[in-house]
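6 protein chains.
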Amino acid sequence: MTDSKSFTHVDAQGAAHMVDISGKVPGQRQAIAVATVQTRSDVIQLIEENGLKKGDVLAVARVAGIMAAKRTSDLIPLCHPLALTRVSVSFQLDRENGQIEITASCAVQGQTGVEMEALTAASVAALTIHDMCKAVDPSLQINGIQLQEKTGGKRGHWQREQNHADS
Amino acid sequence: MTDSKSFTHVDAQGAAHMVDISGKVPGQRQAIAVATVQTRSDVIQLIEENGLKKGDVLAVARVAGIMAAKRTSDLIPLCHPLALTRVSVSFQLDRENGQIEITASCAVQGQTGVEMEALTAASVAALTIHDMCKAVDPSLQINGIQLQEKTGGKRGHWQREQNHADS
Amino acid sequence: MTDSKSFTHVDAQGAAHMVDISGKVPGQRQAIAVATVQTRSDVIQLIEENGLKKGDVLAVARVAGIMAAKRTSDLIPLCHPLALTRVSVSFQLDRENGQIEITASCAVQGQTGVEMEALTAASVAALTIHDMCKAVDPSLQINGIQLQEKTGGKRGHWQREQNHADS
Amino acid sequence: MTDSKSFTHVDAQGAAHMVDISGKVPGQRQAIAVATVQTRSDVIQLIEENGLKKGDVLAVARVAGIMAAKRTSDLIPLCHPLALTRVSVSFQLDRENGQIEITASCAVQGQTGVEMEALTAASVAALTIHDMCKAVDPSLQINGIQLQEKTGGKRGHWQREQNHADS
Amino acid sequence: MTDSKSFTHVDAQGAAHMVDISGKVPGQRQAIAVATVQTRSDVIQLIEENGLKKGDVLAVARVAGIMAAKRTSDLIPLCHPLALTRVSVSFQLDRENGQIEITASCAVQGQTGVEMEALTAASVAALTIHDMCKAVDPSLQINGIQLQEKTGGKRGHWQREQNHADS
Amino acid sequence: MTDSKSFTHVDAQGAAHMVDISGKVPGQRQAIAVATVQTRSDVIQLIEENGLKKGDVLAVARVAGIMAAKRTSDLIPLCHPLALTRVSVSFQLDRENGQIEITASCAVQGQTGVEMEALTAASVAALTIHDMCKAVDPSLQINGIQLQEKTGGKRGHWQREQNHADS
Numbered sequence: 666m667t668d669s670k671s672f673t674h675v676d677a678q679g680a681a682h683m684v685d686i687s688g689k690v691p692g693q694r695q696a697i698a699v700a701t702v703q704t705r706s707d708v709i710q711l712i713e714e715n716g717l718k719k720g721d722v723l724a725v726a727r728v729a730g731i732m733a734a735k736r737t738s739d740l741i742p743l744c745h746p747l748a749l750t751r752v753s754v755s756f757q758l759d760r761e762n763g764q765i766e767i768t769a770s771c772a773v774q775g776q777t778g779v780e781m782e783a784l785t786a787a788s789v790a791a792l793t794i795h796d797m798c799k800a801v802d803p804s805l806q807i808n809g810i811q812l813q814e815k816t817g818g819k820r821g822h823w824q825r826e827q828n829h830a831d832s
Numbered sequence: 666m667t668d669s670k671s672f673t674h675v676d677a678q679g680a681a682h683m684v685d686i687s688g689k690v691p692g693q694r695q696a697i698a699v700a701t702v703q704t705r706s707d708v709i710q711l712i713e714e715n716g717l718k719k720g721d722v723l724a725v726a727r728v729a730g731i732m733a734a735k736r737t738s739d740l741i742p743l744c745h746p747l748a749l750t751r752v753s754v755s756f757q758l759d760r761e762n763g764q765i766e767i768t769a770s771c772a773v774q775g776q777t778g779v780e781m782e783a784l785t786a787a788s789v790a791a792l793t794i795h796d797m798c799k800a801v802d803p804s805l806q807i808n809g810i811q812l813q814e815k816t817g818g819k820r821g822h823w824q825r826e827q828n829h830a831d832s
Numbered sequence: 666m667t668d669s670k671s672f673t674h675v676d677a678q679g680a681a682h683m684v685d686i687s688g689k690v691p692g693q694r695q696a697i698a699v700a701t702v703q704t705r706s707d708v709i710q711l712i713e714e715n716g717l718k719k720g721d722v723l724a725v726a727r728v729a730g731i732m733a734a735k736r737t738s739d740l741i742p743l744c745h746p747l748a749l750t751r752v753s754v755s756f757q758l759d760r761e762n763g764q765i766e767i768t769a770s771c772a773v774q775g776q777t778g779v780e781m782e783a784l785t786a787a788s789v790a791a792l793t794i795h796d797m798c799k800a801v802d803p804s805l806q807i808n809g810i811q812l813q814e815k816t817g818g819k820r821g822h823w824q825r826e827q828n829h830a831d832s
Numbered sequence: 666m667t668d669s670k671s672f673t674h675v676d677a678q679g680a681a682h683m684v685d686i687s688g689k690v691p692g693q694r695q696a697i698a699v700a701t702v703q704t705r706s707d708v709i710q711l712i713e714e715n716g717l718k719k720g721d722v723l724a725v726a727r728v729a730g731i732m733a734a735k736r737t738s739d740l741i742p743l744c745h746p747l748a749l750t751r752v753s754v755s756f757q758l759d760r761e762n763g764q765i766e767i768t769a770s771c772a773v774q775g776q777t778g779v780e781m782e783a784l785t786a787a788s789v790a791a792l793t794i795h796d797m798c799k800a801v802d803p804s805l806q807i808n809g810i811q812l813q814e815k816t817g818g819k820r821g822h823w824q825r826e827q828n829h830a831d832s
Numbered sequence: 666m667t668d669s670k671s672f673t674h675v676d677a678q679g680a681a682h683m684v685d686i687s688g689k690v691p692g693q694r695q696a697i698a699v700a701t702v703q704t705r706s707d708v709i710q711l712i713e714e715n716g717l718k719k720g721d722v723l724a725v726a727r728v729a730g731i732m733a734a735k736r737t738s739d740l741i742p743l744c745h746p747l748a749l750t751r752v753s754v755s756f757q758l759d760r761e762n763g764q765i766e767i768t769a770s771c772a773v774q775g776q777t778g779v780e781m782e783a784l785t786a787a788s789v790a791a792l793t794i795h796d797m798c799k800a801v802d803p804s805l806q807i808n809g810i811q812l813q814e815k816t817g818g819k820r821g822h823w824q825r826e827q828n829h830a831d832s
Numbered sequence: 666m667t668d669s670k671s672f673t674h675v676d677a678q679g680a681a682h683m684v685d686i687s688g689k690v691p692g693q694r695q696a697i698a699v700a701t702v703q704t705r706s707d708v709i710q711l712i713e714e715n716g717l718k719k720g721d722v723l724a725v726a727r728v729a730g731i732m733a734a735k736r737t738s739d740l741i742p743l744c745h746p747l748a749l750t751r752v753s754v755s756f757q758l759d760r761e762n763g764q765i766e767i768t769a770s771c772a773v774q775g776q777t778g779v780e781m782e783a784l785t786a787a788s789v790a791a792l793t794i795h796d797m798c799k800a801v802d803p804s805l806q807i808n809g810i811q812l813q814e815k816t817g818g819k820r821g822h823w824q825r826e827q828n829h830a831d832s
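In structure tokens:
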């Protein structure tokens, strides 16, 4: 899993810059990222019960995640602006463990990958859940924000090793 | 630590809205949030060595976190716009464990708290580190995004219980 | 209902500027605006049926309207930035007439009113419905974007005359 | 005029997402949208007289509409980001009926249409006129925000039926 | 004119942060900034002639400057968000010398000054003129972006020394 | 160096619009812009000394300039949105003359040039330095914001004439 030991965002003098992707071949690129919201069983139940009625907590978080994906290059200083062709955000509720697993998936036809877009979507969806639940669980935690899989680009397909994800 | 069992962002019909804070007394409010970047020892070393020269990875992440705090209400749908009076983001590097602990602190003179602003600052700083390190460690993880402490408001001082933080 | 015959956004030389509100007394101000989406009965039925399951069209439009209210001064050149203390957006479906009536309500403690914030929220919620329904009804129309009521400020309470609203 | 009865923004489970346009063929796409500002004759006269001097009300509204078109995907949650190649906004004043007809036209070389961009430009131009005239006519109304014509894409040319537009 | 020799944006460890203004007394603060566009006589004539008809170059630049002032804290990393109460941008054309002098003025009731807001308004107005004139004068220069005067705050009134401005 | 005498941003009726670039051939385009910050020797020394430690003033200004380049079409009303493929900002300190020369360089594969992106990056980097130094030198000036060189597009290579730059 080790990669080349240099920071592509830092030039020869050590100064930050937005790296040159002019020479890269445009292609179809996709990325999937996840995040886990750790709260309590009763909070998951509250979300589910409201969900049975109008599903609002997850609906708001989904919209927030999708909109954040589109603003990634506005938030992360050295990210390239990208015309995303697809964004989706989904949720898996685990009442027993008081968890919500968030999965964000992005695609683009472009010269660079969409890892940061998927990670940003998952993170902002998680922060939105935090915001809407913080009155009932101020101790809520967000964990495991990580890239799960990506396709396209020079390096081709990359998938997270399971044991690393579990550590 | 249990709080009232209702979602303040959801009205009587279960629809999302930005809750009314008109009646709240303005006051000095502060919040501290943290996040942990989990990478490898050699990546921390790379950051430190660049840091000894120009410190750019952390400098860029710090700026990104501060700017994101100011855009919180633009990202999190039901957050109120706030005129922050202070934002700071700091980093603690742990080379042995391959970790960076991020601490974000915000303050406002206003009618609602700055928890989401501190959490957003810590999250975006972490995502920026992820962006700048992903070429060398695509498996990098962000964990433990959580509120650490807050002061001000009707409920007064709140501090994270240590055992909960460790779980 | 006639008011003073001068444009407050235009100075003595006829040039646009953001008018000086420094001298105004801060106070509680509220505004309610409406908009009507005109589509077909079968489209309303589609929205309702989805709504019975997840309510997504209206949930997305509601979030869009709330977020747009917070960005009003970023969109309308001469609007003052305001720290809104409340925003809500609600919908009334009329299947028979193929209509959705949108009502947006905003409040602030400040030196100027929130009419534009409420109007922007209603407009962007309507545009979002348009976006989500345009594949099934490209002829969809948005009508009657207007202020319904406002309170606070030097002029006090203002309410739309009913016959005018009907014209 | 009836189209397929399904919401392209809603996936199989009824959850909102930004639909996949990866497989669409890029092409030249254009759209024209309109909106009508309904005010009073004397307000139109005021705008015209200022217009004879500096034309500011319409000039400000035109800039606001053009800038809003570029921010459409930032406002409408499920819109794709697009690199617009042309935006124009024009006005037709009708003093007798106290009306301003706004026409917005957009073009892109891309995989999806620019209907929402044209509709957003017309809407924000109308809201800007509302803002600048609300001191003299708080009852001002915005009507008839609708797509007039579009070209490009799989379905080719679409034009509004006149009788529908008049209804 | 010399001030204390320390950077208020840099903390004890030399790291950037948004300085704490919580303890400052809110008050009325104003600032005036200027910028000079240096082009050719014939370009000024073109602007004036268009100006006699519709005044668009200056009207667009004025709107751009006003809108930019409101986004200052979004552009300048360590600036505090401020609810501006007034912004104006004016132009003085000097055909003989091929110059446009831009003056921007801002006000706020707040805990920190509006120097950066006025400077940003003047700069973006100048950049907008550059954009609109670059086809006829790609060599156009922007000079003398500087603070002219400010009032309010602990240090009270400050005015630029004329000889310094001339240097 | 004289060019065609017409404003491409102004249509036949003199109204502003975002010009049609649909017919332009996409190609590799680059631009370099500069700006000069004029302050005092002792301020440059302060920046350098902090720079020897953490380099923060320049690091913050660099990030601000890069982020601003990506937001150019959001700030300059008639600029087209562009997916920049490269942005860099560098600084040359001249302690003797109390100056900082800023150079910004941008590239895109597109239908229009990146002059405004490079000029915006240089300007916002300069404004950020102004912000961070204004407590020690409120008289600081920004001069010589200008295009230095551009390549690509119908007109091909353009380079600033040296004597003009010196005037």
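So the protein lines, in turn, are chains A, B, C, D, E and F.
Counting from 666, one number per residue, gives the positions in the first sequence under the working numbering.
Counting from 666, one number per residue, gives the positions in the second sequence under the working numbering.
Counting from 666, one number per residue, gives the positions in the third sequence under the working numbering.
Counting from 666, one number per residue, gives the positions in the fourth sequence under the working numbering.
Counting from 666, one number per residue, gives the positions in the fifth sequence under the working numbering.
Counting from 666, one number per residue, gives the positions in the sixth sequence under the working numbering.
Note that the Cβ used here is the ideal one computed from N, Cα and C, for glycine as well.
No experiment lies behind these values; they were computed from the predicted model shown.
Alpha carbon to alpha carbon, how far is glutamine 703 of chain B from valine 722 of chain B?
Their backbone Cα atoms lie some 15 Å apart in a straight line.
Compile a chain-ordered list of the residues in the stretch 748-765 of chain D whose CB is closer than 8 Å to at least one CB of chain F.
So the close ones are Ala748, Leu749, Thr750, Arg751, Val752, Ser753, Val754, Ser755.
Determine which residues of the stretch 727-743 of chain C have a Cβ less than 9 Å from any Cβ of chain D, and write them out in chain order.
Result list: Val728, Ala729, Met732, Ala733, Arg736, Thr737, Asp739, Leu740, Ile741, Pro742, Leu743.
Would the stretch 787-803 of chain B count as touching the stretch 699-715 of chain B if we require 3 or more Cβ pairs under 8 Å?
At 8 Å Cβ cutoff, the stretches touch.
In this structure, what does DSSP give as the bridge partners for alanine 680 of chain A?
DSSP, once it has assigned bridges, lists no residue as partnering alanine 680 of chain A.
Exposed or buried, valine 801 of chain D, counting other C-beta atoms within 10 Å across all chains shown (16 or more means buried)?
So valine 801 of chain D ends up on the buried side.
Quick check on DSSP: helix, strand or coil for alanine 800 of chain E?
Alanine 800 of chain E: coil per DSSP, three-state reduction.
Do histidine 745 of chain B and threonine 816 of chain C have their C-beta atoms within less than 9 Å of each other?
In this structure, threonine 816 of chain C does not lie closer than 9 Å to histidine 745 of chain B by Cβ.
Mark arginine 821 of chain D as exposed unless 16 or more other C-beta atoms lie within 10 angstroms of its C-beta, in which case mark it buried.
One point to set straight first is that residue 821 of chain D is glycine, not arginine, in the sequence displayed. Result: exposed.
7 Å Cβ cut-off: residues of chain D touching aspartate 676 of chain E:
Residues of chain D passing the Cβ test: none, with the nearest at roughly 33 Å.
Checking contacts by CB at 9 Å: is aspartate 721 of chain E closer than that to chain D?
Yes - at least one Cβ of chain D is within 9 Å of the one on aspartate 721 of chain E.
From the DSSP output, which residues share a beta bridge with lysine 815 of chain E?
Answer is E:Ala696, E:Trp823.
Suppose contacts are defined by Cβ-Cβ distances below 9 Å. Is lysine 807 of chain E in contact with alanine 729 of chain F by that definition?
The residue asked about is misnamed: residue 807 of chain E is isoleucine in this sequence, not lysine. No, the Cβ-Cβ distance between isoleucine 807 of chain E and alanine 729 of chain F is not below 9 Å.
For asparagine 715 of chain B, which of A:Leu711, A:Ala680, A:Ala733 has the nearest alpha-carbon?
Checking every option, the nearest Cα to that of asparagine 715 of chain B belongs to A:Ala680.
Output, in chain order, the set of chain E residues within a Cβ distance shorter than 7 Å of arginine 694 of chain F.
Near arginine 694 of chain F there are no residues of chain E at all, since even the closest Cβ is about 14 Å away, more than 7 Å.
Would you identify the three-state DSSP class for leucine 784 of chain C, choosing helix, strand or coil?
Per DSSP, reduced to three states, the secondary structure at leucine 784 of chain C is helical.
List the residues of chain B whose Cβ lies closer than 7 Å to the Cβ of glutamine 776 of chain E, in chain order.
Within 7 Å Cβ-Cβ: Thr750.
Which residues of chain H have a Cβ atom closer than 7 Å to the Cβ of serine 788 of chain C, listed in chain order?
You won't find chain H in this structure, because its protein chains are A, B, C, D, E and F.
Once you ignore the five residues that flank glycine 809 of chain F on each side, which residues in its own chain have a CB closer than 7 Å to its CB?
Scanning its chain for C-beta atoms nearer than 7 Å, with the 5 sequence neighbours on each side dropped, one finds around glycine 809 of chain F the residues Val699, Ala700, Thr701, in chain order.
Residues of chain F with a CB under 9 Å from the CB of isoleucine 807 of chain E: which are they?
Under a criterion of Cβ atoms nearer than 9 Å, the residues of chain F adjacent to isoleucine 807 of chain E are, in order, Ala700, Leu784, Ser788, Ile807, Asn808, Gly809, Ile810, Gln811.
Which value, in whole angstroms, describes the spacing of the CA atoms of glutamine 813 of chain B and isoleucine 767 of chain A?
Straight-line Cα distance between these residues: approximately 23 Å.
So phenylalanine 672 of chain A and leucine 711 of chain B are in contact, right, with Cβ under 8 Å, and what is the actual spacing, rounded?
Sure, about 7 Å apart at Cβ, within 8 Å.
Going by DSSP, which residues form a beta bridge with cysteine 771 of chain F?
Beta-bridge pairing links cysteine 771 of chain F to F:Ala696, F:Val752.
Residues sharing a beta bridge with glutamate 766 of chain C, DSSP
DSSP lists C:Thr701, C:Gln757 as partners of glutamate 766 of chain C.
Using the rule of at least 16 other Cβ atoms within 10 Å of the residue's Cβ for burial, across every protein chain shown, is glutamine 776 of chain C buried or exposed?
So glutamine 776 of chain C counts as buried.
Taking leucine 747 of chain B and alanine 748 of chain C to be in contact with their CB atoms under 8 Å, please state how far apart those CB atoms are, rounded to whole angstroms.
Between leucine 747 of chain B and alanine 748 of chain C a beta carbon distance of about 7 Å is seen, short of the 8 Å cut, so the two are scored as contacting.
May I ask you to list the residues that DSSP assigns as paired with asparagine 715 of chain C?
Bridge partners of asparagine 715 of chain C: none, in fact.
Beta-carbon contacts of alanine 726 of chain A that lie in its chain and below 6 Å, excluding the five residues immediately before and after:
Only residues of its own chain outside the window of five on either side were considered, and among them Ala790, Thr793, Ile794 have a CB closer than 6 Å to the CB of alanine 726 of chain A, listed in chain order.
Which value, in whole angstroms, describes the spacing of the CA atoms of glutamate 780 of chain D and glutamate 761 of chain E?
Just so you know, the alpha carbons of glutamate 780 of chain D and glutamate 761 of chain E end up roughly 46 Å apart.
For valine 819 of chain A, count neighbouring C-beta atoms within 10 Å of its own C-beta (all shown protein chains included) and say buried if the count is 16 or more, exposed if not.
Looking at the sequence shown, residue 819 of chain A is not valine but lysine. Lysine 819 of chain A is classed as exposed because its beta carbon has fewer than 16 other beta carbons within 10 Å across all chains shown.
Find out if the Cβ-Cβ distance for the pair arginine 694 of chain D, alanine 772 of chain D is shorter than 9 Å.
Yes; because the gap between Cβ atoms is below 9 Å, this pair is in contact.
Can you grab the Cα-Cα spacing for the pair threonine 737 of chain A / glycine 778 of chain A, in whole Å?
Spanning the two alpha carbons is a distance of roughly 12 Å.
Roughly how many whole angstroms lie between the Cα atoms of valine 752 of chain E and aspartate 739 of chain E?
The straight-line gap from Cα to Cα measures roughly 17 Å.
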